[in-house]
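Visitor:
In the numbering used here, the protein residues as written are 102 to 310.
#1: Which residue wins for smallest C-alpha separation from residue 138, given the options 215, 232, 155?
#2: With three or more C-beta pairs closer than 8 Å as the rule, is the segment 265-272 touching the segment 173-183?
#3: Have a look at residue 197 and residue 130 and give me their C-alpha separation to the nearest angstrom.
#4: From the DSSP output, in three-state form, read off residue 182 for me.
#5: Would residue 242 and residue 267 qualify as a contact pair, given that the criterion is a beta-carbon distance under 9 Å?
#6: Please state whether DSSP places residue 278 in a helix, a strand or coil.
#7: If we count Cβ pairs, one from each stretch, closer than 8 Å, do we get three or more for the segment 187-194 versus the segment 138-155?
#8: When DSSP labels each residue in this structure, what does residue 271 get in the three-state scheme?
#9: For residue 172 versus residue 149, is the C-beta distance shorter than 9 Å?
#10: Is residue 199 closer than 9 Å to residue 297 when the C-beta atoms are compared?
#11: How would you label residue 283, buried or exposed, when you count the other beta carbons within 10 angstroms and need 16 or more for buried?
#12: On a Cα-Cα basis, can you pick out the residue from 174, 211, 300, 154 that is closest to residue 233?
#13: Just to confirm my understanding: we take residue 132, look at its own chain, exclude 5 residues before and 5 after, and list those with CB closer than 6 Å. What are they?
#14: Which class does residue 169 belong to by DSSP, given the choice of helix, strand or coil?
#15: My assumption, with CB atoms under 8 Å, is that residue 168 sits in contact with residue 125. Please give the rounded CB distance.
#16: For residue 254, count neighbouring Cβ atoms within 10 angstroms of its own Cβ and tell me buried if that reaches 16, exposed if not.
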């Protein structure tokens, strides 16, 4: 009779305690970082979690549903990190806006596979209202920080437009960084310096001082 590894035994114990869903998401998160979103199967995830190949379907309809759940979890974590970094700086400051961008770039560098999955053309994402709402919530963090920086006299559409330009700039920088496509000049520029240059260029002098 074969003897299960300690890791597999731990996973089965976790499953029997009702946390198979969380265990599968953790395993798939590792697999996406190793092989990309197309480089694993549900069967492989089940095997690594120490459960039968049928067990994942008690929690996920199919492979796409599992990946979308992973994106949903990642959106929650990204929003939390963005808000946490914003709150490390005075409200309404350029540093608070920069903190959000730093969290975004740091997330991309720490989890490049998940980051690509979040913003790729994964099947079903565009039709998932929950994912769309979570994406909007992340963007709203940027909008509110821009509005705080610009001051009460700034029209809401100005804050939203500024937030969009900032987000696309930081998003592009994040992807260029994880794909190692930075130009020579950019490689010498620290992320924080980049964020301050972009922030000043887009938002201008603070209306609140």
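Yeah, the Cβ is synthetic: ideal placement off N, Cα and C, and Gly gets one too.
Guide: A quick look at the data gives this:
#1: 215
#2: no
#3: 29 Å
#4: helix
#5: no
#6: helix
#7: no
#8: helix
#9: no
#10: yes
#11: exposed
#12: 174
#13: 141
#14: helix
#15: Contact flag wrong, Cβ pair sits at about 11 Å.
#16: exposed
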